[in-house]
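Worksheet: the structure to be examined is printed underneath.
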Amino acid sequence: QPDWSLFLPLPLPLIKLKGKKKIVFSSVLRMDFLFSYYFLFRYYNNFILCTEHKVSTAKCFWPNPLAEGFITGIHRQFFTNCTSDKVHWEDPPDKILVPLIFIPILLTVAMVGLVVWCSKRNDILV
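Read in my numbering, the sequence shown has 47 at position 45, and its numbers run on one by one without any break.
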């Protein structure tokens with residue numbers, strides 16, 4: 003059974019209404035996150051443990067093709083609408099990319115030149 007204490011209202015920051023402080027509870031935000039977390043991970047873990055137990059009771063090795071087919075079928079049935087939004091990385095435009103490459107190179111060359119120039123001048127150190 004689910005632990006319903008997870009879905010109790012979560013107090014949000016105090017809000018002042020005409021000099022009075024009022025605590026606002028938001029169980030919806032907490033419930034959405036915990037509901038997803040609880041049912042996805044808890045029941046999925048129970049499903050895997052149950053499948054492993056049944057396979058070991060049948061004196062089979064884990065994982066085996068039959069158990070994998072069963073798990074794959076469950077995934078196809080319940081997780082077909084789960085999409086992962088993959089971020090498509092692109093290079094920045096050349097107007098941005100060229101300065102990002104050449105500014106550190108030029109600063110490095112300038113600093114090396116400054117160190118060499120200062121090391122050749124003995125009168126600064128004396």
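Idealized CB from N, CA, C, for every residue including glycine.
Quiz item: Taking the Cβ atom as the reference point for each residue, do residue 99 and residue 93 lie within a distance shorter than 8 Å?
Solution: yes
Quiz item: Taking DSSP as the reference, what is the three-state secondary structure of residue 82?
Solution: coil
Exercise. Verify whether the separation of the beta carbon atoms of residue 57 and residue 66 is less than 8 Å.
Key: yes
Quiz prompt | Cα-Cα separation between residue 88 and residue 118, rounded to whole angstroms | solution = 48 Å
Quiz item: What whole-angstrom Cβ distance do residue 53 and residue 69 have, given they're in contact under 8 Å?
Solution: 6 Å
Quiz prompt | For residue 107 and residue 120, the rounded distance between their alpha carbons | solution = 20 Å
Quiz item: What is the DSSP secondary structure of residue 77, reduced to helix, strand or coil?
Solution: helix
Quiz item: When DSSP labels each residue in this structure, what does residue 122 get in the three-state scheme?
Solution: helix
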